[in-house]
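Here's the structure, in structure tokens; my notes come after.
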Amino acid sequence: MCGLAGLMTKPGDIAEVLCEKIGASLAHRGPDGQGIWMDRDAGVALVHRRLSIVDLSPAGAQPMHSADGRWVIAFNGEIYNHQSLRAALEKDAAAKWRGHSDTEVLLEAIAFWGVEAALQRSSGMFALAVWDRQTGILTLARDRMGEKPLYVGRVGGDIVFGSELRALRQHPAWQHAIEPTALEWMLQVGYVPAPWSIHPGVFKLPAGCMLQLKGCMSLPGNVGEFQQQLKRYWNLNHEVDQARSQPWTGSREQALAEIQRLLDDSVRQQMLADVPVGALLSGGIDSSLIAASMARQAGRKIRTFTVGFDIPDLDESTAASEIAAFLGTDHVNLPLSSSRALEIAHVLPEVYDEPFADAAQIPALMLAQAAKEFIGVALTGDAGDELFHGYTRYFSAARLWPKVSWLPSRARERICRSAGKFAAVLPATGFGRSLIRQAGRLKVSSPQAYAANLIRFPGAGSLPVESMLADPAWPALPQSLEKAPLEEQMRFYDQAFALPEGIHTKLDRASMRAGLELRVPLLDSRLVALSWRLPLQWHTRRGMGKCLLRELAAKQLPPQASTRRKHGFDVPVSQWLRGPLRKWADSLLAPEALARNPLLDGAGIRMLFDMHQAGKADYGYALWALLMFRLWDLHHAEQ
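Numbering (the working numbering), first residue to last: 1 to 639.
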């Protein structure tokens with residue numbers, strides 16, 4: 001796990017001092033060392049910050065050259081199947097090794113099979129930049145499910161790229177500007193999805209994509225042309241279609257055994273490191289299954305970490321402690337109060353150098369910082385909901401949409417308008433909260449539009465749902481899901497859209513701020529494929545999701561673990577904004593402050609704030625997104 005950056009410019013123009021500055025900006029991602037490689041004649045430079053996880057010796061340092069001297073790579077991430085790739089290369093290419101790092105294996109795989117074929121053979125999380133000295137082509141690539149980030153843009157007359165936007169901002173020609181469409185996305189869903197970035201002319205590589213550049217003028221300036229220049233070396237749509245064309249033919253018990261086998265194998269691969277490894281334990285099913293697998297396979301006592309809240313309904317620290325005691329882990333519980341949350345909130349614009357608004361970023365950052373004191377790698381239970389049908393909105397959509405979809409859209413709009421007015425006079429809890437959420441979401445003409453509405457924050461932004469569906473960031477459905485139940489379509493949207501740009505952004509920035517590597521065993525591509533081969537009715541039962549994972553949990557965890565409702569690291573942001581964080585929020589969203597930003601609707605924002613404070617609606621998530629953007633903009637506009 002590291003940070004990478006670099007640039008392409010005119011031959012002879014590379015300034016080493018700029019490369020040093022770019023590398024220093026990513027020091028938190030790689031505190032163990034910095035490497036710079038430049039070819040002034042070609043006008044290319046690669047910069048690498050090292051966080052030593054596998055092969056701590058100098059043989060693992062980067063940028064790294066292939067044995068034949070043709071290829072140079074800067075790599076961020078881990079190749080989990082590097083041992084099997086090494087064996088294949090030793091057999092087919094008679095490779096000779098200088099060390100035992102996964103980076104060297106990937107580089108020699110590229111030298112032997114080519115970039116695209118090597119990526120297709122590799123299982124892991126990564127972003128990379130690899131330079132072909134023979135053809136003068138720079139290839140940038142991002143892993144299958146988008147666990148690691150990579151930005152690229154033209155700054156001045158140069159192409160600059162990096163793991164985080166802060167690397168691009170070091171260029172002397174950088175100017176702070178905001179891309180309106182990206183901001184609209186962020187206020188709607190809490191993050192900026194690829195291929196957009198918050199800055200105009202700067203793009204984010206989508207998951208599973210590679211971009212090849214030749215010369216400093218080869219990067220297009222608009223998002224449409226950028227999208228066309230990308231090449232997918234792996235396609236989730238294709239994987240879903242292929243999996244659904246080969247439905248599972250075994251029994252349910254055989255499916256459970258296969259899930260466990262693949263999960264154990266993924267955990268085993270991801271526990272390999274030359275530094276201590278632990279787990280983040282929320283007390284929920286997913287993280288508990290990961291910790292249980294680790295405890296069985298580690299041959300030693302593992303360390304686990306969780307966060308506790310001072311609001312009982314959202315606190316899972318007791319449940320996590322019970323799981324830890326059952327598994328015999330060395331457990332650390334970290335209490336998070338509202339006062340501590342406010343302290344952390346002030347540093348978020350620096351940690352998330354693109355505006356980001358999942359309030360769980362606070363416990364994620366806190367956990368990463370605490371865990372780093374004991375371990376170098378942490379495994380998490382993320383992606384269980386996306387793979388195995390865990391979100392409650394899947395079930396509410398499956399119940400509600402068929403009941404109203406037959407109505408003409410105008411009639412539905414009138415009903416929703418009346419429901420919205422009625423909901424405004426109810427408390428923002430129970431039935432009133434549900435009515436508020438649904439009243440604005442059902443005024444759509446298609447199930448896809450309704451699914452998109454369910455991802456958006458209530459009360460957020462002004463981007464029409466039709467614009468969302470037509471945007472380059474919104475994924476097209478696989479052919480096999482076009483007539484599938486809405487809940488299955490929603491699961492795909494979460495895998496293709498929300499997971500790479502939302503959850504992974506939260507985890508990557510929080511962990512990298514602490515110099516901790518996070519790994520997600522459930523995102524093994526074999527598990528992704530298997531989840532789509534299994535029938536929908538196996539995933540759900542009587543309005544409850546993740547039934548297969550619950551059955552696995554029932555066999556190896558305390559009885560209450562398999563029936564516990566979903567929490568994750570939920571954060572009481574709505575309560576905090578009405579209580580201890582109210583004064584802070586009020587100052588950031590004051591009318592005079594909002595008036596200075598023409599991209600924000602000051603009057604509309606104050607209406608949201610006042611309705612939330614009065615308890616007439618729950619706009620906590622939308623307000624948190626606005627607060628995170630305001631903090632971010634104040635921080636970066638001054639730099």
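Glycine included, each C-beta is placed from N, C-alpha and C at the ideal position.
| Item | Value |
| --- | --- |
| First through last residue of the alpha helix (DSSP H) which encompasses Q229 | V223 to Q229 |
| Endpoints, the alpha helix (DSSP H) within which K372 is located | Q361 to K372 |
| Range covered by the beta strand (DSSP E) that runs through L183 | No beta strand (DSSP E) contains L183, which is instead part of the alpha helix (DSSP H) from P180 to V189. |
| Beta-carbon proximity list for H504, same chain, < 7 Å, skipping 5 on both sides | G146 and E147 |
| E517 - containing beta strand (DSSP E), residue span | E517 to R519 |
| Whether E651 touches G283 by CB criterion (7 Å) | Examination of residue 651 is not possible in this model, given that the chain is present from 1 through 639 alone. |
| Buried versus exposed call for T540 [16 or more other C-beta atoms within 10 Å across all chains shown] | buried |
| P521 classed as buried or exposed, judged by whether at least 16 other C-beta atoms fall within 10 angstroms | buried |
| Boundaries of the alpha helix (DSSP H) in which M468 is found, first to last residue | V465 to A470 |
| Same chain only: Cβ atoms within 6 Å of L463, ignoring 5 sequence neighbours per side | E184 and Q188 |
| Among G459, E501 and K583, the one whose alpha carbon lies nearest that of D601 | G459 |
| DSSP-derived helix/strand/coil call for M145 | coil |
| Beta-ladder partner(s) of V332, from DSSP | F305 |
| Span separating the alpha-carbon of A207 from that of V223 | 16 Å |
| Any C-beta of chain D under 7 Å from that of D265 | Absence of chain D from the displayed structure is noted, only one protein chain being present. |
| Where G221 falls, given that 16 or more other Cβ within 10 Å makes a residue buried | exposed |
| DSSP state of L4 mapped onto helix, strand, coil | strand |
| Whole-Å CB distance - W401 paired with P447, under 8 Å assumed | 6 Å |
| Backbone secondary structure at R300 - three-state DSSP | coil |
| N- and C-terminal bounds of the beta strand (DSSP E) containing W151 | The amino acid at residue 151 is misidentified as Trp; the sequence shows Tyr. Y151 to V155 is the extent of the beta strand (DSSP E) around Y151. |
| Length of the line joining the Cα atoms of A553 and L272 | 24 Å |
| Whole-angstrom C-beta distance between A141 and M210, which should lie under 8 Å | 4 Å |
| Test item: CB-CB of I73 and L107 under 7 Å | yes |
| G190 and A622 closer than 7 Å at C-beta | no |
| Identity of the residue in L168, F75 and A109 nearest L18 by Cα | L168 |
| Spatially closest choice to V528 from R244, L557, I302 and L348, by CA coordinates | R244 |
| For F457, three-class secondary structure by DSSP | coil |
| Whole runs of the alpha helix (DSSP H) within the stretch 42-129, excluding any shorter than 4 residues | 82-92, 102-113 and 115-121 |
| Secondary structure of C547, DSSP reduced to three states | helix |
| Contact set for Q369: own chain, Cβ-Cβ below 6 Å, skip 5 residues either direction | A514 |
| Beta-carbon proximity of H176 to H636, cut-off 7 Å | yes |
| Residue range of the alpha helix (DSSP H) that includes C19 | E16 to S25 |
| Alpha-carbon spacing of L481 relative to L469, whole angstroms | 16 Å |
| Integer Cβ distance of V105 from R86, believed to fall under 8 Å | 5 Å |
| Buried versus exposed call for S711 [16 or more other C-beta atoms within 10 Å across all chains shown] | Outside the displayed span of the chain (1 to 639) sits residue 711, for which this structure offers no information. |
| Buried versus exposed, by CB contacts within 10 Å (16 or more), G502 | buried |
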